[in-house]
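Heads up, the sequence shown is in the UniProt record's numbering, so the first residue is 1 and it goes up one at a time. Here a beta-carbon is modelled for each residue, glycine too, at the ideal position from N, C-alpha and C.
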Amino acid sequence: MERDSEDTLSGKGMPFKVVDLTREHRKGVVASNLQELIVRAREKLGIPETLPVKVVLEQDGTEVDDDEYFSTMERNTMLMLLVNDERWLPPGKIHRLRGAATDEVDGGSRARELESLVGRLQGDLSHISMLGGKELELLSNMDPESLTDIIPDSRIFLVQLKEASGRFLSEKRQAQDALDLLRLYHSAQRDSPVAGKKEKV
1 MERDSEDTLS GKGMPFKVVD LTREHRKGVV ASNLQELIVR AREKLGIPET
51 LPVKVVLEQD GTEVDDDEYF STMERNTMLM LLVNDERWLP PGKIHRLRGA
101 ATDEVDGGSR ARELESLVGR LQGDLSHISM LGGKELELLS NMDPESLTDI
151 IPDSRIFLVQ LKEASGRFLS EKRQAQDALD LLRLYHSAQR DSPVAGKKEK
201 V
């Protein structure tokens, strides 16, 4: 560690690994202070200078916001650059969020739709009875863990909402199946020869 500090003070810099929020882009940079790291990490990750960034530890999201803390870093520490209002997520969560955030044809996003739905239901849970099958399916298939970072302190609510949506969806499908069966029966009765003879009599 003393050698690392000497390198930093001498201006040689130390090697670090930097990633973006998705962890799909991983680059190596050498920097002697926090500002230098940010400049070089921007270049490597293709982040414009006009966008505000924040540096955090990749492993737990601890923010690195001054040179004093930066100087305690070990060689090859993995750091993450967060852009704008991005918030650190554990490795598994970003992929689950992405799974829920597949872009629709109209350019919208299922993740935004899900967040909007949950927000509405937080205000008035009775609205769940008025949701369509597609919305109920979206809620019943959601991963509560992936939304707790977007909607803080709501894990229990999200779990209960997921279960309730599943029940409503099941009931709605059963009702639809019963209706389809009734229509099929009515159609068969109407078109049957026996029914035709009765009408003639």
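Between the C-alpha atoms of residue i and residue j, what's the straight-line distance to the nearest angstrom?
i, j, result
"residue 172", "residue 112", "24 Å"
"residue 175", "residue 168", "10 Å"
"residue 51", "residue 58", "20 Å"
"residue 99", "residue 164", "Summary for residue 99: the model assigns pLDDT 48, below 50, so the residue's position carries little reliability; its value from the coordinates is reported in the next sentence. Roughly 22 Å between the two C-alpha positions."
"residue 177", "residue 186", "14 Å"
"residue 211", "residue 180", "Because the chain is modelled from 1 through 201, residue 211 falls outside the range shown and cannot be assessed."
Can you name, in chain order, every residue of its own chain whose Cβ lies under 7 Å from the Cβ of residue i, other than the five neighbours on each side?
i, result
"residue 26", "17 and 19"
"residue 95", "Residue placement at residue 95 is flagged as unreliable, the pLDDT there being 47, under the threshold of 50; a coordinate-derived value is accordingly withheld."
"residue 81", "18, 20, 41, 45, 47, 53 and 55"
"residue 106", "Low per-residue confidence applies at residue 106: pLDDT is 39, beneath 50, and the placement is therefore not dependable, though the value from the model is reported in the following sentence. Closer than 7 Å at the Cβ level, and outside the excluded window around residue 106, lies no residue."
"residue 84", "51 and 52"
Do we get a CB-CB distance below 7 Å when we pair residue i with the residues of chain D?
i, result
"residue 113", "In the displayed structure, chain D is absent; only one protein chain is listed."
Taking the beta strand (DSSP E) that residue i belongs to, which residues open and close that run?
i, result
"residue 26", "26 to 31"
"residue 274", "No statement about residue 274 is possible, as the shown extent of the chain runs from 1 to 201 and does not include it."
Leaving out the 5 sequence neighbours to the left and right, which residues in its chain are closer than 8 Å to residue i when beta-carbon positions are compared?
i, result
"residue 64", "34, 55, 56, 57, 70, 73 and 79"
"residue 13", "7, 30, 31, 32 and 36"
Taking residue i as part of the alpha helix (DSSP H), name the residues at either end of that continuous run.
i, result
"residue 159", "155 to 191"
"residue 37", "34 to 45"
"residue 140", "133 to 140"
"residue 49", "Note, residue 49: premise wrong, no alpha helix (DSSP H); not H, not E."
Considering only DSSP beta bridges, list what residue i is partnered with.
i, result
"residue 16", "29 and 77"
"residue 82", "54"
Any heavy atom of the ligand FMN inside 6 Å of the beta-carbon of residue i?
i, result
"residue 139", "Among the components of this structure there are no ligands whatsoever, and the ligand FMN is therefore not found."
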